[in-house]
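K.L.:
Residue numbers (the UniProt record's numbering): 1 to 272.
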């Protein structure tokens, strides 16, 4: 696989850095939308599998995340982040104007990708949501009820049964290891409501949807996400729930099975 390279685009609040895993023989585009507190560089293994499958892979670091500009982990309005992702899609399409595009969103990135599909789904061939923050996620309600948000970072052990994943996460200087910030929690609550409301007004219809989730996901519990998946009302939904898996199924001990399921789904979606 060719070495990844970085592009700088203008986002809603300064520079957004977009990573590209190039493929000179690409037959489709894959847009990776990362989760809270992390960065798209953590998706090198899924990107490698996608490139081997025929994708040119692109993914932005969101505002306040990774190598992009902005106060760390502060997102005041997720609609702005969706717009930044749309700019990253434009960058990918400028390099590969005639290829179909799929979007893969993890956790917070699942919320962003779901909203993107509501707004721009006609331009996608498939949507993949991994441990998505959609539906009934109670964390924002619980945190906003407190006078002060506790300084409790994400536990590395909650990510994967592979201890190496947690160790790499804990040592990664581009990962945010501090508390959540109130403007971001408030923005989460608003966007969860927006996605649910817009889903009631009309689902994503014919856009093929793959839902991946760890059965032992304690950061984004499966039952709450199921509410959101049902609200999205895709005509064609494929779900894969992995027994024992934690939050980051792309970094789990059964990663091979997850990536096999992903490319098998994409084969079907791209054949439509």
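Just so you know, even glycine gets a beta-carbon here, dropped at the ideal spot from N, CA and C.
Apart from the five residues just before and just after residue 205, which ones in its own chain have a Cβ nearer than 6 angstroms to its Cβ?
P.N.:
Cβ within range, chain order: 235.
K.L.:
Can you check the segment 210-253 for any beta strand (DSSP E) of at least 3 residues that lies completely inside it and give the ranges in chain order?
P.N.:
Those beta strand (DSSP E) runs which fall completely within the segment 210-253 and span 3+ residues are 237-242.
K.L.:
Which residue's Cα is closest to the Cα of residue 65: 81, 133, 212, 38?
P.N.:
Checked all of 81, 133, 212, 38; the closest Cα to residue 65 is 38.
K.L.:
Can the beta-carbon of residue 263 be found less than 9 angstroms from the beta-carbon of residue 31?
P.N.:
The answer is no: Cβ separation not under 9 angstroms.
K.L.:
Give me the Cα-Cα distance between residue 111 and residue 233, rounded to the nearest whole angstrom.
P.N.:
Cα to Cα, residue 111 sits roughly 15 angstroms from residue 233.
K.L.:
Which two residues bound the contiguous beta strand (DSSP E) that contains residue 17?
P.N.:
Its beta strand (DSSP E) spans residues 14-21.
K.L.:
Just mark residue 272 as buried or exposed, buried being the case when its beta carbon has 16 or more other beta carbons within 10 Å.
P.N.:
So residue 272 ends up on the exposed side.
K.L.:
Among the residues of its own chain, which have a CB less than 6 angstroms from the CB of residue 62, if the five just before and after it don't count?
P.N.:
If we look at residue 62 and ignore the five residues flanking it on each side, its Cβ neighbours are 81.
K.L.:
With DSSP collapsed to three states, give me the class of residue 60.
P.N.:
Of the three classes helix, strand and coil, the one that applies to residue 60 here is strand, per DSSP.
K.L.:
Grouping DSSP H, G and I as helix and E and B as strand, with all else coil, what is residue 198?
P.N.:
Looking at residue 198 - three-state DSSP - the assignment turns out to be helix.
K.L.:
Could you check the C-alpha separation between residue 257 and residue 105 for me, to the nearest Å?
P.N.:
Between residue 257 and residue 105, the C-alpha separation is close to 18 angstroms.
K.L.:
Could you have a look at residue 264 and say whether DSSP puts it in helix, strand or coil?
P.N.:
It is helical.
K.L.:
May I have a chain-ordered list of the beta strand (DSSP E) segments no shorter than 3 residues that lie completely inside the segment 19-97?
P.N.:
Whole beta strand (DSSP E) segments, 3+ residues: 28-33, 55-60.
K.L.:
Curious, which full-length alpha helix (DSSP H) runs of at least 4 residues does the segment 124-204 contain?
P.N.:
Runs of the alpha helix (DSSP H) inside the segment 124-204: 139-144, 163-171, 182-201.
K.L.:
Could you give the distance in angstroms between the alpha-carbon of residue 115 and the alpha-carbon of residue 170?
P.N.:
Cα to Cα, the separation comes out at about 30 angstroms.
K.L.:
So for residue 120, helix, strand or coil by DSSP?
P.N.:
DSSP places residue 120 in helix when its eight states are reduced to three.
K.L.:
Secondary structure at residue 4, three-state DSSP: helix, strand or coil?
P.N.:
Here residue 4 sits in coil by DSSP.
K.L.:
Using only the alpha-carbon positions, how far apart do residue 151 and residue 222 sit?
P.N.:
So the two alpha carbons sit approximately 25 angstroms from each other.
K.L.:
Where residue 48 and residue 57 are concerned, what is the direct C-alpha to C-alpha distance, given to the nearest angstrom?
P.N.:
The alpha-carbon atoms of residue 48 and residue 57 are separated by roughly 9 angstroms.
K.L.:
With respect to the beta strand (DSSP E) encompassing residue 271, which residues constitute its N-terminal and C-terminal limits?
P.N.:
It is not in any beta strand (DSSP E) - residue 271 carries neither H nor E in the DSSP assignment.
K.L.:
Less than 9 angstroms between CB atoms is the rule here; does residue 122 satisfy it with respect to chain B?
P.N.:
The chain labelled as chain B is not found in the depicted structure, where only one protein chain is given.
K.L.:
Measure the Cβ-Cβ separation of residue 187 and residue 76 and say whether it is below 9 angstroms.
P.N.:
For residue 187 and residue 76, yes; Cβs fall inside 9 angstroms.
K.L.:
Between the C-alpha atoms of residue 59 and residue 45, what's the straight-line distance to the nearest angstrom?
P.N.:
Whole-angstrom Cα-Cα distance: 13 angstroms.
K.L.:
Less than 9 angstroms between the beta carbons of residue 101 and residue 92, yes or no?
P.N.:
For residue 101 and residue 92, yes; Cβs fall inside 9 angstroms.
K.L.:
So, at 6 angstroms on beta carbons, what are the nonlocal neighbours of residue 176 in its own chain, with the 5 sequence-adjacent residues on each side left out?
P.N.:
Taken in chain order, the residues that qualify are 37, 72, 73.
K.L.:
CB-CB under 8 angstroms to residue 179, same chain, minus the five flanking residues each way: which ones, in chain order?
P.N.:
Excluding residues within five positions, the ones whose Cβ falls inside 8 angstroms are 149, 150, 151, 152, 153.
K.L.:
Counting pairs of beta carbons, one from the segment 124-139 and one from the segment 211-221, are three or more of them closer than 8 angstroms?
P.N.:
In short, these stretches touch, since the Cβ pair count reaches three.
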